[in-house]
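2 protein chains.
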Amino acid sequence: MLHEEVVSRVRAMLLDGEIPPGARIPERDLCEKLQISRTPLREALKVLAAEGLVQLLPNRGSRAARLTDKDMRDLFEVCQGLEALAGELACERITEAEIADVAAAHTAMVRHYGDRDLLQYYRCNRTIHEAIIAAAGNPVLSGLYESVTARIRRARYVTPMTPRRWALAVQEHEAILNALQRRDGVGLSHILRAHLRHKREEVLQAGFAEQDEAPAPWQRQA
Amino acid sequence: MLHEEVVSRVRAMLLDGEIPPGARIPERDLCEKLQISRTPLREALKVLAAEGLVQLLPNRGSRAARLTDKDMRDLFEVCQGLEALAGELACERITEAEIADVAAAHTAMVRHYGDRDLLQYYRCNRTIHEAIIAAAGNPVLSGLYESVTARIRRARYVTPMTPRRWALAVQEHEAILNALQRRDGVGLSHILRAHLRHKREEVLQAGFAEQDEAPAPWQRQA
DNA sequence: TTCACCAATTCTGAATGCAAAATGGCGACA
DNA sequence: TGTCGCCATTTTGCATTCAGAATTGGTGAA
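Protein sequences appear in the order of chains A and B. With the first sequence counted from 1, adding 1158 to any position gets you the numbering used here. With the second sequence counted from 1, adding 1158 to any position gets you the numbering used here.
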């Protein structure tokens, strides 16, 4: 198994919640689960720690990072900034073919909205957002966006929506597609930010802060 | 030596150019220079590779990453987005005391401009930008900003400036401070973006693309 | 002289072993 | 009975070791 594969596997386990937030990560167990030795696993854990997914406690091993409400707010804020930037850049650089792709995904998404199929709706939604990022043609931006969204993905794409909010979101997406087709970068940027601000409010209202696993009150968190 | 210390040391060597861009990094040499064994060094290299400072070639070791013009442009673009976001957030959250600190750094910077002391000027400049980031009160943002600026620091703070551009930069900084004092988030955001756009043009004009170390023509780059 | 091929060396990547630190349990004492 | 301190066990962090791949140098043939 390649180094990057180990990183991906463990990252997936963290993001999918297979390793729950706040849980300790016993190296030995993960080693035998992944059928590798401790050295490559430890390398992967350090990388994931640098990404903010894992918390390293010196001489006390590693834990899956917990996301507080504050973390979630911070991540959403940055995500807003990144999407806004991507929107502006995308309007300058996107090809007609790519616009058509986004339009297709949008149409599919609206259809799933009509069917009230939340899962498929979210899938198309994500496709659209990622297409806009990709259209910005900036690998640095793409990388940071990937890292940030990965951490809020469960919150972003799992939160149930009220009919009212869902309708608003679809409406916003109409505006997003429209701005993109008009190549109105400033407009798109504003819409994306508002869109994400609303999403953030949803998520925070839903109370998606990740709880501590062993919240013994006298143990202060490092 | 702690893990984070190893990462920092090697990162510093890369950013300072002690390990030149494109240079191969023989693990054994660095090990004895840092007085550590290969295991912790390799962990650090993987982390730095995830940060984009190091390029891992499977079974062929690692190289210090080279920055192309495109990389530089991408990094500046993202930097613009992050600073713009930070400017808006800072205007909402900055304290009067922090504004005073920025104002003091600004005054000092203008004085160094009067003395044509580029080094001290850049020092104050950086203080101001970092203070704005810090005032945004978003650790995720701070972390990404730190990572992005580290990679363009040499270009950003080493490029010589024409008198004309320098004067413009100072003028822009007046506007930055002014917007901050008025807590005009949107205005600050725009000024910061223009400021960085100008900076980027300077840097790219100066031709700061990092050359290959061993550009043997028949060796294709991975 | 130049190219191709092969052996030897060097270097990377991963597993194992060892010392140090932390965790948990047991007993002593207040 | 509850708390503190000490010792055994577990786990981490690192050095060392081992296997495999890549590079280098050399040899021979065209």
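Where a beta carbon is used, it is the ideal one built from N, C-alpha and C, also for glycine. This structure is a prediction, so every number in the text was calculated from the model and none was measured.
Inter-residue Cα distance where the pair is residue i and residue j
| i | j | result |
| --- | --- | --- |
| residue 1161(B) | residue 1198(B) | 7 Å |
| residue 1223(B) | residue 1184(B) | 14 Å |
| residue 1192(B) | residue 1354(B) | 37 Å |
| residue 1189(A) | residue 1196(A) | 6 Å |
| residue 1271(A) | residue 1329(B) | 51 Å |
| residue 1371(B) | residue 1292(A) | Note on residue 1371(B): pLDDT 46, under 50, position unreliable in the model; no value is reported. |
| residue 1260(A) | residue 1366(A) | 29 Å |
| residue 1255(A) | residue 1344(A) | 21 Å |
| residue 1216(A) | residue 1333(B) | 45 Å |
| residue 1175(B) | residue 1311(B) | 11 Å |
| residue 1277(A) | residue 1331(B) | 48 Å |
| residue 1214(A) | residue 1352(B) | 39 Å |
| residue 1205(A) | residue 1323(B) | 40 Å |
| residue 1207(B) | residue 1253(B) | 37 Å |
| residue 1226(A) | residue 1296(B) | 13 Å |
| residue 1268(A) | residue 1262(A) | 10 Å |
| residue 1273(A) | residue 1286(A) | 19 Å |
| residue 1231(B) | residue 1218(A) | 41 Å |
| residue 1167(A) | residue 1186(A) | 16 Å |
| residue 1194(A) | residue 1194(B) | 24 Å |
| residue 1203(B) | residue 1202(A) | 11 Å |
| residue 1290(B) | residue 1165(A) | 34 Å |
| residue 1275(A) | residue 1362(B) | 48 Å |
Contact check, residue i vs residue j, beta carbons under 8 Å
| i | j | result |
| --- | --- | --- |
| residue 1266(B) | residue 1282(B) | yes |
| residue 1305(A) | residue 1163(A) | no |
| residue 1284(A) | residue 1315(A) | yes |
| residue 1247(B) | residue 1360(A) | no |
| residue 1244(B) | residue 1294(B) | yes |
| residue 1338(B) | residue 1257(B) | yes |
| residue 1335(B) | residue 1264(B) | yes |
| residue 1320(A) | residue 1364(A) | no |
Status (buried if at least 16 other CB within 10 Å, exposed otherwise) for residue i
| i | result |
| --- | --- |
| residue 1179(B) | buried |
| residue 1238(A) | buried |
| residue 1241(B) | buried |
| residue 1357(A) | buried |
| residue 1375(A) | Confidence at residue 1375(A) is low in this model, with a pLDDT of 35, below 50, so its placement is unreliable and the value that follows should be read with caution. Exposed is the call here. |
| residue 1177(A) | buried |
| residue 1159(B) | exposed |
| residue 1170(B) | exposed |
| residue 1327(B) | buried |
| residue 1325(B) | exposed |
| residue 1347(B) | buried |
| residue 1200(A) | buried |
| residue 1380(A) | Note on residue 1380(A): pLDDT 30, under 50, position unreliable in the model; no value is reported. |
| residue 1378(A) | Confidence is the limiting factor: at residue 1378(A) the pLDDT is only 34, short of 50, which leaves the residue's position unreliable, though a coordinate-based value still follows. Counting Cβ neighbours within 10 Å, residue 1378(A) comes out exposed, since fewer than 16 surround it. |
| residue 1373(B) | Caution is warranted here: a pLDDT of 38 is assigned to residue 1373(B), below 50, making its placement in the model unreliable, and the coordinate value is therefore given only provisionally. The residue is exposed, with fewer than 16 neighbouring Cβ atoms inside 10 Å. |
Residue closest to residue i, alpha-carbon to alpha-carbon, out of the options
| i | options | result |
| --- | --- | --- |
| residue 1280(A) | 1256(A), 1313(A), 1309(A) | 1313(A) |
| residue 1182(A) | 1220(A), 1188(A), 1159(A) | 1220(A) |
| residue 1298(B) | 1335(A), 1174(A), 1228(A) | 1228(A) |
| residue 1300(B) | 1233(A), 1225(A), 1310(A), 1278(A) | 1233(A) |
| residue 1288(A) | 1340(A), 1275(A), 1273(A), 1350(A) | 1350(A) |
| residue 1341(B) | 1165(B), 1251(B), 1203(B) | 1251(B) |
Residues that DSSP places opposite residue i in a beta bridge
| i | result |
| --- | --- |
| residue 1213(A) | 1221(A) |
| residue 1286(B) | Residue 1286(B) pairs with nothing; no bridge assigned. |
| residue 1182(A) | 1221(A) |
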